[in-house]
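Residue 168 in our numbering sits at position 70 of the sequence shown; the count goes up by one each step and never skips. A virtual CB, placed ideally from N, CA and C, is assigned to each residue, including glycine. Heads up: the structure comes next, in structure tokens.
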Amino acid sequence: MNEIEVDARGLRCPLPVIRLAAAAQGTPAGTRITVLTSDPAARHDIPAWCRMRNHELIEITQEPDTAESDTAESDTAYLRFVVVIRSQSSNAAGGGSGSARSSRAT
Numbered sequence: 099m100n101e102i103e104v105d106a107r108g109l110r111c112p113l114p115v116i117r118l119a120a121a122a123q124g125t126p127a128g129t130r131i132t133v134l135t136s137d138p139a140a141r142h143d144i145p146a147w148c149r150m151r152n153h154e155l156i157e158i159t160q161e162p163d164t165a166e167s168d169t170a171e172s173d174t175a176y177l178r179f180v181v182v183i184r185s186q187s188s189n190a191a192g193g194g195s196g197s198a199r200s201s202r203a204t
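This is the structure:
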């Protein structure tokens with residue numbers, strides 16, 4: 099099984115999801131991607147991305163950022179997401195978001 103780590107700590111929305119999407123592009127099914135981010139919006143954005151792309155979110159944890167501080171204060175913590183990539187067919191041509199329809203009257 100392939101494993102990829104995306105370190106998006108310090109980046110704000112929408113960059114953590116953009117980095118995740120870039121890492122997922124072209125990866126085989128079963129690839130495990132770990133995303134590290136300090137952006138609180140990612141708690142909603144990454145699960146939503148997984149649902150839209152039909153990938154599996156298997157873990158969300160909050161970790162202390164011990165590299166910057168000896169204390170586990172909330173301002174030095176980061177989120178850790180583990181995503182398992184499913185079939186890449188859901189990512190093709192716009193990510194499986196459906197076909198565009200014209201609402202223009204004729």
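Rounded to the nearest whole angstrom, the CA to CA distance from I102 to A121 is 8 Å. Comparing alpha carbon positions, the residue from Q160, M99 and L113 closest to W147 is L113.
It is roughly 12 Å from the alpha-carbon of C111 to the alpha-carbon of L118. Residue environment analysis places I116 among the exposed positions, since fewer than 16 neighbouring C-beta atoms fall within 10 angstroms of its C-beta. Beta bridge pairing from DSSP links V180 with T132 and E157. DSSP places D105 in no alpha helix (DSSP H) but in the uninterrupted beta strand (DSSP E) bounded by E101 to D105.
Separation of I156 and A140 (C-alpha to C-alpha, rounded to the nearest whole angstrom) is 15 Å.
Taken through DSSP and simplified to helix, strand or coil, A120 comes out as helix.
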